[in-house]
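Participant:
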Amino acid sequence: MITLNHYLMVSGLLFALGMAGLVMRRNLLVIFMALEMNLNAANLALIAFSKFNKIADGQVLVFFVIAIAAAEVAVGLAIIVALYRRKQTVNVTDLNSLRL
Amino acid sequence: MSIHDTLFWFFSIAMLLSGVLVIASRNPVTSAMFLVALFVFMAGLFVLLEAFFLAAIQVLVYAGAVMVLFLFVIMLLDIRGTQRRRFRWLGLAGGLIVAGAFVWELGIILRSPVTAAVTGQTDVGGGLEAVVKPLFANYMLPFEVTALLLLVAMIGVVLLSKKELK
Numbered sequence: 023m024i025t026l027n028h029y030l031m032v033s034g035l036l037f038a039l040g041m042a043g044l045v046m047r048r049n050l051l052v053i054f055m056a057l058e059m060n061l062n063a064a065n066l067a068l069i070a071f072s073k074f075n076k077i078a079d080g081q082v083l084v085f086f087v088i089a090i091a092a093a094e095v096a097v098g099l100a101i102i103v104a105l106y107r108r109k110q111t112v113n114v115t116d117l118n119s120l121r122l
Numbered sequence: 037m038s039i040h041d042t043l044f045w046f047f048s049i050a051m052l053l054s055g056v057l058v059i060a061s062r063n064p065v066t067s068a069m070f071l072v073a074l075f076v077f078m079a080g081l082f083v084l085l086e087a088f089f090l091a092a093i094q095v096l097v098y099a100g101a102v103m104v105l106f107l108f109v110i111m112l113l114d115i116r117g118t119q120r121r122r123f124r125w126l127g128l129a130g131g132l133i134v135a136g137a138f139v140w141e142l143g144i145i146l147r148s149p150v151t152a153a154v155t156g157q158t159d160v161g162g163g164l165e166a167v168v169k170p171l172f173a174n175y176m177l178p179f180e181v182t183a184l185l186l187l188v189a190m191i192g193v194v195l196l197s198k199k200e201l202k
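Listed in order, the protein sequences are those of chains A and B. Under the numbering used here, the residues of the first sequence are numbered 23 to 122, in order. Under the numbering used here, the residues of the second sequence are numbered 37 to 202, in order.
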């Protein structure tokens, strides 16, 4: 029998994977993909809560998260392209102009 | 073990494996392909949770639109697989510590039995109606604000993509 805890555990593991990717990777695009994984983990937890508590509001929230994630990806990728035009790199170790 | 349980384990293990491959593969295109797989398996989990509408949206928006954007940008920037740099043990250790601490914390929380508080009487279902009815009844204002946000994002992308920023 699959319970709420199973879904929460999968969601938490996916979130942990995303966080590890955020910290470990140096490629800006892959960091962005790890961020998408985090958003998806949150979506899974929301839908699981919505199903097991029998409220539809969680699903509405996921709908908003997906809409905003799409906007966020568009803006983020445009920023990455603009950055690449100026610096010719997407590696975060090379982007150190704010370093003291 | 019912078919539901089998599918749950299949989808979650496949999803987590593709997640590992997203952050482990050297080439961004490979990462993007495994991210598509992750989104599709996630949509399968949504179907198991009876959120059919959101599963469809997940495949259309994430596996479709978002990943096309990613692949277009990878193509435009012409990024090769990252050449072997000095391996950063600090980064690997940092990532493992952050992820490990999170999983440990999660284990403690989930060991205490969480029983779902039954607030509604009946299953809400996950068809279009179950999502859209509260959306246009209780969440009208956030819906409109989201529309505005999408407009702002579109203008921002057009501005950022201009040849020279002023």
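We put the CB at the ideal spot given by N, CA and C, even for glycine.
Counting Cβ pairs, one atom from each stretch, are 3 or more of them under 8 Å apart for the region 75-85 of chain A and the region 84-98 of chain B?
Facilitator: Taking 8 Å as the limit for Cβ pairs, the verdict is that the region 84-98 of chain B does touch the region 75-85 of chain A.
Participant: Look at the Cβ atom of Gly-127/B, then the Cβ atom of Met-59/A, and state whether they are nearer than 8 Å.
Facilitator: No, they are not a contact pair.
Participant: If you measure between the beta carbons of Gly-143/B and Glu-86/B, is that distance less than 8 Å?
Facilitator: No, the pair does not count as a contact, with Cβ atoms beyond the cut-off.
Participant: Between which two residues does the alpha helix (DSSP H) holding Gln-94/B run?
Facilitator: From DSSP, Gln-94/B is part of no alpha helix (DSSP H); its letter is neither H nor E.
Participant: Fully enclosed by the region 37-116 of chain A, which alpha helix (DSSP H) runs are 4 residues long or longer?
Facilitator: Here the runs fully enclosed are 50-74 and 79-109.
Participant: Going straight from the alpha carbon of Gln-110/A to that of Val-32/A, what length do you get?
Facilitator: So the two alpha carbons sit approximately 38 Å from each other.
Participant: On the three-pair Cβ rule with 8 Å, is the region 55-68 of chain B touching the region 37-57 of chain A?
Facilitator: The region 55-68 of chain B, when compared against the region 37-57 of chain A, does touch it at the 8 Å Cβ threshold.
Participant: Helix, strand or coil: how does DSSP classify Gly-161/B here?
Facilitator: Coil.
Participant: Would you tell me roughly how many angstroms separate the C-alpha atoms of Leu-196/B and Arg-147/B, rounded to the nearest one?
Facilitator: Those two C-alpha atoms are separated by around 47 Å.
Participant: Could you compute how far the alpha carbon of Phe-172/B sits from the alpha carbon of Ile-101/A?
Facilitator: Distance between the alpha carbons of Phe-172/B and Ile-101/A is about 33 Å.
Participant: In three-state DSSP terms, what is Asn-63/B?
Facilitator: Coil at Asn-63/B, not helix or strand.
Participant: If contact means a Cβ-Cβ distance below 8 Å, which residues of the region 46-64 of chain A contact chain B?
Facilitator: Of all residues in the region 46-64 of chain A, Met-46, Arg-47, Arg-48, Asn-49, Leu-51, Val-52, Phe-54, Met-55, Ala-56, Glu-58, Met-59 and Asn-62 have a Cβ within less than 8 Å of some Cβ in chain B.
Participant: Are the C-beta atoms of Ala-87/B and some chain C residue less than 8 Å apart?
Facilitator: As a matter of chain content, chain C is missing from the structure shown, whose protein chains are A and B.
Participant: Quick one: is Asn-65/A buried, meaning 16 or more other Cβ sit within 10 Å of its Cβ, or exposed?
Facilitator: Result: buried.
Participant: Sort Val-58/B, Asn-63/B, Gly-80/B and Phe-88/B by Cα distance to Glu-165/B and report the nearest one.
Facilitator: Measuring from the Cα of Glu-165/B, the nearest candidate turns out to be Phe-88/B.
Participant: Determine the DSSP secondary structure at Leu-85/B, reduced to helix, strand or coil.
Facilitator: If DSSP states are grouped into helix, strand and coil, Leu-85/B belongs with coil.
Participant: For Met-176/B and chain A, any beta-carbon pair shorter than 8 Å?
Facilitator: Not closer than 8 Å to any Cβ of chain A, the Cβ of Met-176/B fails to qualify, so no.
Participant: Can you name, in chain order, every residue of its own chain whose Cβ lies under 8 Å from the Cβ of Val-72/B, other than the five neighbours on each side?
Facilitator: The answer, listed in chain order, is Ala-99 and Met-103.
Participant: Whole angstroms are fine: how far does the CA of Gly-131/B sit from the CA of Gly-98/A?
Facilitator: Cα to Cα, Gly-98/A sits roughly 23 Å from Gly-131/B.
Participant: Does Asp-116/A have its Cβ less than 8 Å from a Cβ in chain B?
Facilitator: Chain B, which has no Cβ nearer than 8 Å to the Cβ of Asp-116/A, makes this no.
Participant: Run the CB neighbour count on Met-23/A, radius 10 Å, all protein chains shown included, and call it buried at 16 or more, exposed below.
Facilitator: Per the 10 Å Cβ criterion, exposed.
Participant: Is Leu-67/A close to chain B? Criterion is C-beta to C-beta, closer than 8 Å.
Facilitator: Note on residue identity: the sequence assigns Ala, not Leu, to residue 67/A. Judged by the 8 Å Cβ criterion, Ala-67/A is not in contact with chain B.
Participant: At least one CB of chain A closer than 8 Å to the CB of Ala-135/B: is that the case?
Facilitator: Output row for Ala-135/B: interface = yes.
Participant: Note down, in chain order, every chain A residue with its Cβ under 9 Å from the Cβ of Phe-44/B.
Facilitator: Ile-24, His-28, Tyr-29 and Val-32, listed in chain order.
Participant: Name the chain A residues that come within less than 7 Å of Ile-110/B, Cβ to Cβ?
Facilitator: Residues of chain A passing the Cβ test: Leu-51.
Participant: For chain A, is any of its Cβ atoms less than 8 Å away from the one on Ala-73/B?
Facilitator: Ala-73/B does not count as touching chain A.
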